[in-house]
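The numbering of the sequence shown is my numbering, which starts it at 66 and goes up by one. We put the CB at the ideal spot given by N, CA and C, even for glycine.
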Amino acid sequence: MKHLYLYLILIALSFNSFAQFAGGSGTQLDPYRVSTADQLSEVRNYLDSYFIQTNNIDLKSYDHDGDGKGWMPIAGAGTGDRFTGHYDGNNFIIYNLYINRPNTNNVGLFGHMGADDDVTDMSIINLGLENVEVYGARGTGALVGRVTANEHTKIEYTFVRTGTITGDGATGCLVGSNNSHQDEANANGHKPQISKSFANVDVYWSENNTGDKFGCLAGCTQKGIIINSYSVGSVNVDNRTAQISSVERVGGLVGCGLQRGEIINSYTASVVNVPTSNPTVTNVGGLVGSADGNTNVSGGYWDEDVTGQSYSPAGTSYTTAEMLDQSNYPTYDFTNIWGIDPAINNGYPYLLDAFNGVLPIELLEFSAKQEKESINISWTTISEINNAEFIIEKSTDGKNFIEIDRIKGAGNSRNLIEYQTKDYNPENGINYYRLTQIDFDGKYETFEIKAIEFNRFNSQISLYPNPSNGKFYISTNALNNAKYNIYNSLGQIVKSGNLSNNETFIDLESQEKGVLYVIINDNSNIQKLRMIVK
């Protein structure tokens, strides 16, 4: 009977872990599958397991404890736990990471990664973060707050793009601190590695406490390795207001490289914003802020024009023109790892894996507009990489979408291309349209939803853009002596007048955000339209 009870308990535990993920058993051959924010949060309960992400994940509305602090880092963050498993992002992206824990150390998507031995292997690979806002204390980064690990530890093919990181010290856009678990300064062969990764966000000193080690890729690589990586964001340390002593070690790529830390074939074109009237901030450099005699920098470059820094204790400075010249990177592998093209990454070297920092498409415009009895949906791209097709979907509630068209993409293009399609069966009222871009390898990116109110009347009237910032047009045709009144949500008239026969410009930018109601009276029909001001 005892064996039966034990068997049932094991089954229950196995079922419980399966239910918390989209599948898998957490082994190397059968990793847990992660497809939602809740499943991503469950990683914290299986820190030594294997995981694979199966969808893009949006954390915009995720608040772990419902206290407004947003995401709770996986391990670290005062728990004493460390992540020792393997997380494969599978070339998917996590959007809108928000962490507001300014008094907590070791903060990021993963708070603390590492093990105090030389044998445990662990990894975070093939993962992108977009639109981040992170506030932490010491050891703060978007992906990992602190790494304290060994040579079997790798962070590879990762990036963070758009957003801000703010911390007290050991703060970087991607990783806060990249350290070995070994304390001895001469430790060799025990170094965790960041490779083929990039950062393009802005990092700030919190001005709360004495701070050091700020960089746009990592705050510091202390007995760690950074190889084939780059940063193009900004590092901002301003002590003029706080006037706190001993604020130091600020660099474009990393704040410091110490105790046999290594930087290999990596560069920065990040703005290093440390006001010259700020004498209390010391050890500031273009590539690295501080480097001791044991630091190894090989193939490390910084853009002197962009960083605003003519000095770095290690590395080589170039002008912007020189940074855009492939011949100035003799040790970089431009066959298998790096590419360089005037139309990509502003002409700076980029990682050949398009997932790492090169947008599949750059969208200039996406709009929807009523044209008689249909809705015209149009968009314009200024560049496309590996782009197979676009999917256009519609919805009447903004949540449940159906596909209405597919249009072939340009594959690879550096030209401006205009696309359009029509919805010949729009519903009266608000229609929502969603555009999704699909790569040849099946990866995808979905853009902002567009809403338009459709009115099936003899006189065609539409508002655009909708939503707007308060400035919009009333588009009409075949109207005689039509008048308009615009009401706020309290029923008060905020503007009125006569319509022209084509377009009438309305400027209500000073109005509070919310909904405006536009009433059109052309003596034969009264039409009510809704404008969303955001």
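Does the beta-carbon distance from D153 to I122 come in below 8 angstroms?
No, they are not a contact pair.
Per DSSP, which residues does M679 bridge with? Please list them.
Examination of residue 679 is not possible in this model, given that the chain is present from 66 through 599 alone.
Strictly by DSSP, which residues pair up with N550?
According to DSSP, N550 bridges with S561, I584.
Measure the C-alpha to C-alpha separation of F399 and Y332 and round it to an integer number of angstroms.
Looking at the backbone, the Cα of F399 and that of Y332 are separated by about 14 angstroms.
On the criterion of 16 or more Cβ atoms from any shown chain inside 10 Å, does K459 qualify as buried, or is it exposed?
K459 is buried by the Cβ-count criterion.
Start-end ranges of the beta strand (DSSP E) lying completely within the region 455 to 537, minimum 3 residues:
As far as the region 455 to 537 is concerned, its whole beta strand (DSSP E) runs of at least 3 residues are 467 to 478, 482 to 488, 494 to 504, 509 to 511, 515 to 519, 526 to 529.
What runs of the beta strand (DSSP E), each 3 residues or longer, lie entirely inside the region 305 to 381?
Counting only runs of 3 or more, we get 312 to 316, 319 to 323, 327 to 333, 336 to 338, 346 to 350, 353 to 356, 361 to 368.
Nearest to I440 by CA position, among A516, D506, S377, is which residue?
Distance from the Cα of I440 is smallest, within the candidate group A516, D506, S377, for A516.
Along the alpha helix (DSSP H) that carries A102, what are the first and last residues, could you check?
Going by DSSP, A102 is part of the alpha helix (DSSP H) stretching over 102 to 106.
Give the list of continuous alpha helix (DSSP H) stretches no shorter than 4 residues that lie fully inside the region 381 to 435.
You should have 385 to 388.
Rounding to the nearest angstrom, what Cα-Cα distance links S448 and L428 in this structure?
Cα to Cα, S448 sits roughly 8 angstroms from L428.
Let me confirm a value: D277 is counted as buried when at least 16 other C-beta atoms fall within 10 Å, else exposed. Which label applies?
Classification for D277: buried.
State the CB to CB distance for the pair H151 and S188, rounded to an integer number of angstroms; the pair is presumed to be in contact (CB under 8 angstroms).
S188 and H151 do touch by the CB rule: their CB atoms are close to 5 angstroms apart, below 8 angstroms.
I'd like to check one pair, A547 with N586: are the Cβ atoms closer than 8 angstroms?
Here N586 is near A547, since their CB atoms are less than 8 angstroms apart.
Where the beta strand (DSSP E) containing I190 begins and where it ends:
It spans 187 to 200 - the beta strand (DSSP E) in which I190 sits, taken as one unbroken run.
Are V598 and N534 touching if we call contact CB-CB under 8 angstroms?
Judged by beta-carbon spacing, N534 lies within the 8 angstroms limit of V598, meaning their Cβ atoms are closer than that value.
Inspect the beta-carbon positions of V353 and S335 and report whether they are closer than 8 angstroms.
No, Cβ-Cβ distance for V353 and S335 is not below 8 angstroms.
What span of residues does the beta strand (DSSP E) with C285 cover, start to end?
Here the beta strand (DSSP E) through C285 covers 283 to 287.
For T381, which of W367, Y394, Q391 has the nearest alpha-carbon?
Looking at the Cα atoms, W367 is the closest of the given residues.
Please name the residue, chosen from I591, S245, A202, that lies closest to D183 on a Cα-to-Cα basis.
Distance from the Cα of D183 is smallest, within the candidate group I591, S245, A202, for S245.
Using only the alpha-carbon positions, how far apart do R305 and N567 sit?
Here the alpha carbons of N567 and R305 stand approximately 55 angstroms from one another.
I'd like to know whether the C-beta atoms of N452 and I426 end up nearer to each other than 8 angstroms.
With contacts defined by Cβ atoms closer than 8 angstroms, N452 and I426 form a contacting pair.
Sequence-distant residues of its chain with Cβ nearer than 6 angstroms to N301 (five each side left out)
The residues are Y269, N338.
What distance in whole Å lies between the Cβ atoms of S260 and E216, which are believed to be in contact at a cut-off of 8 angstroms?
Distance from E216 to S260 at the Cβ level is roughly 13 angstroms; contact not present, criterion being Cβ atoms closer than 8 angstroms.
When the Cα atoms are used, what is the spatial distance from N265 to D504?
If I take the Cα positions, the gap works out to 22 angstroms.
Counting along the chain, where does the beta strand (DSSP E) carrying I164 start and finish?
In this chain, the beta strand (DSSP E) harbouring I164 covers 163 to 165.
Just the C-alpha distance for G284 and Y394, rounded to the nearest angstrom, thanks.
Looking at the backbone, the Cα of G284 and that of Y394 are separated by about 24 angstroms.
Can you check whether the CB of L239 is closer than 8 angstroms to the CB of L282?
For L282 and L239, yes; Cβs fall inside 8 angstroms.
Tell me the rounded alpha-carbon separation between T541 and K578.
Within the model, the alpha-carbon separation for T541 versus K578 is close to 25 angstroms.
For D17, list the residues DSSP reports as bridge partners.
The displayed coordinates of the chain run from 66 to 599. Any statement about residue 17 would go beyond what the structure contains.
Compute the beta-carbon to beta-carbon distance between R147 and M178, rounded to the nearest angstrom, for a pair I have assumed lies under 8 angstroms.
Going by Cβ atoms, the distance from R147 to M178 rounds to 6 angstroms, so yes, they are a contact pair.
Candidates S296, Q374, D303, I291: closest to L323 by CA position
Considering only alpha carbons, the answer is I291.
Less than 8 angstroms separating the beta-carbons of I309 and T275?
Yes; because the gap between Cβ atoms is below 8 angstroms, this pair is in contact.
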